[in-house]
Amino acid sequence: MNTHIEEAIHNFRTAGARYARTERYYRGDHDLAFATEKFANTFGSLFREFALNLCPVVCDAIRDKLRITGFAARSKPDDQIDDPAVRASDVWHRNRMPVRSGEVHREALINGDAFVIVWPDESGEPAIYPNRAANCYAVYDDDHPGRIVRAAKYWRTLDRNTHLNLYYPDRIERYITVKPGDAFLPEAKEFSTAGDPVSNPYGVVPMFHFANNAEIGSFGRSELDAAIPIQDGLNKSVLDMLVAMEFSAYRQRWAAGIEIAYDNDGNAVAPFKAGVDHLWITENPNARFGDFDTAALDQFIKVKDSFRIDLASVTGTPMYYLLPHTRGFPSGESLTRAEARFIAKIRDRQAVFGHVWSEVMEFALRIGGFVDVRLETEWSEAS
């Protein structure tokens, strides 16, 4: 049995739950927290669509600043006549990367990781394929951190088969499940070879890993990791406010001095029925009626806004991205101060992602016949 298949399946399963969580929060499918189980039973389905989702803002504010403008050749062979930068631009645009690179950045920001596979197409031209984090995995060399020694990708087809490719510096091994099944990731014994290995003449693994905010020797971290707990608190404040509004619209009334009647089973029978079309009347002159005070909704708004401030603090997102536009925008020196940390984050992501994009395009040019070329990624101004 191929131990690398077992390794890939284990890694896919381990990382899958983490990726699924951050993707859910980005889409607005949150784990809503309620004050009591009674609230969940009473209002859970009613208020589920009222989650105030600020997770996209945290990721999209960064992605909007990550615009690649081109590639510059840092070095090339002396006998190289054609300009590698011009050829890189041709490959970049032919693969629609001005748009698809944004998809890669968004994937890396949301899930912490994104992958790109580069391989010749049917005509022998370099083709660039962005891939989701949940479908790919890379294994790094322990002696040389940063160097990928092998990688894997899996995907499902409409015939209910699972395909799995293993990428090595000298070959690509292809596998497919022995028979169709409902499991997305079957056990390793369920796979068999899908043809002979494909030779890799380029000497490097053709998969490239975009790791967001990664530590040494680890995979990337989502921009939402720090935001999710605050997002949960924000949702809780919104839900509490909606519940308070519900009770304020239908105020809770009370009656005292009323003799309670019981049915044949000994259960208390409500003496009155609440409603705008019902009048409470009793023969007891000592009976008293009243209603409970409603909650001050402005307090909920203050709590909700405090979570916005916390979200800006832990993620480095400028406040004007998170507050309603009616609050106004900062200008001049205040804007510069507000964006200082955010711009620093943008430049860090440009440096990290730019290095990987340079490797992607150097490999693509190598497929096209350009060898020993070194490129530098050029970005639009972060500010």
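For the sequence shown, my numbering begins at -3 and goes up steadily by one. A virtual CB, placed ideally from N, CA and C, is assigned to each residue, including glycine.
- Put simply, of Y316, A148, Y198 the residue whose alpha carbon is nearest the alpha carbon of D166 is Y198.
- In this structure, the alpha-carbon of P267 lies about 26 Å from that of V239.
- Here the segment 154 to 171 makes no contact with the segment 214 to 227; the two share fewer than three CB pairs at distances below 8 Å.
- Between the beta-carbon of S218 and that of G364 there is about 34 Å, and that puts the pair past the 8 Å contact cut.
- DSSP places P197 outside any alpha helix (DSSP H), giving it a letter other than H or E.
- If you draw a straight line from the Cα of D192 to the Cα of R170, it comes to about 8 Å.
- Shown here for N263: not one same chain residue has a beta carbon closer than 7 Å to its own, the five before and five after excluded.
- Remark: three or more beta-carbon pairs, one from each stretch, lie closer than 8 Å, so the segment 205 to 213 and the segment 104 to 120 are flagged as touching.
- Here G120 is exposed: its Cβ has fewer than 16 other Cβ atoms, across all protein chains shown, within 10 Å.
- For the pair D138 and I5, the Cα-to-Cα distance works out to about 20 Å.
- Under the DSSP assignment, F67 falls in the beta strand (DSSP E) whose first and last residues are 64 to 71.
- Annotated three-state conformation of W276 is coil, per DSSP.
- With fewer than 16 other Cβ atoms from the protein chains shown falling within 10 Å of its own Cβ, I277 counts as exposed.
- Within the segment 70 to 130, the complete beta strand (DSSP E) segments of 3 residues or longer fall at 109 to 116, 122 to 127, listed in chain order.
- Per DSSP, T153 has no beta bridge partner at all.
- In this structure, the alpha-carbon of L154 lies about 37 Å from that of R345.
- Under the 10 Å beta carbon count, F349 is surrounded by 16 or more other beta carbons and is classified as buried.
- Residue pairing of D287 in beta bridges, as defined by DSSP: R249.
- Of all C-beta pairs linking the segment 76 to 93 to the segment 178 to 197, fewer than three are shorter than 8 Å, placing the two stretches out of contact.
- In terms of Cα proximity to G98, the closest of L62, T18, P116 is L62.
- Under a 10 Å Cβ-count criterion, D236 is classified as buried, with 16 or more other Cβ atoms of the shown protein chains found around its own Cβ.
- At the C-beta level, A252 and A292 stay beyond 8 Å of one another.
- Leaving aside the five residues that flank A148 on each side, the residues in its chain whose CB is nearer than 6 Å to its CB run, in chain order, A4, Y133, L162.
- Here the alpha carbon of L105 sits roughly 8 Å from the alpha carbon of R59.
- Counting the other Cβ atoms within 10 Å of the Cβ of K341 gives 16 or more, which makes it buried.
- Straight across, the Cα-Cα distance linking N231 with T313 is about 19 Å.
- Between E358 and A68, the C-beta spacing is not below 8 Å.
- The beta carbon of L318 sits closer than 7 Å to the beta carbons of L50, V53, R304, L307, A308 from its chain, once the five residues preceding and following it are set aside; these are given in chain order.
- 8 Å or more divides the Cβ of E372 from the Cβ of R9.
- Between R156 and P176, the gap from beta carbon to beta carbon is short of 8 Å.
- K300 sits away from V369, with the two beta carbons spaced by 8 Å or more.
- Around the beta carbon of G216, 16 or more other beta carbons sit within 10 angstroms, so the residue counts as buried.
- In the DSSP assignment, L371 falls within the beta strand (DSSP E) that extends over 370 to 375.
- Listed as beta-bridge partners of C132 by DSSP are K149.
- Taking the C-beta atoms as reference points, Y15 is found nearer than 8 Å to A130.
- For the options T189, H351, S354, F296, the alpha carbon positioned closest to that of M241 is the one of F296.
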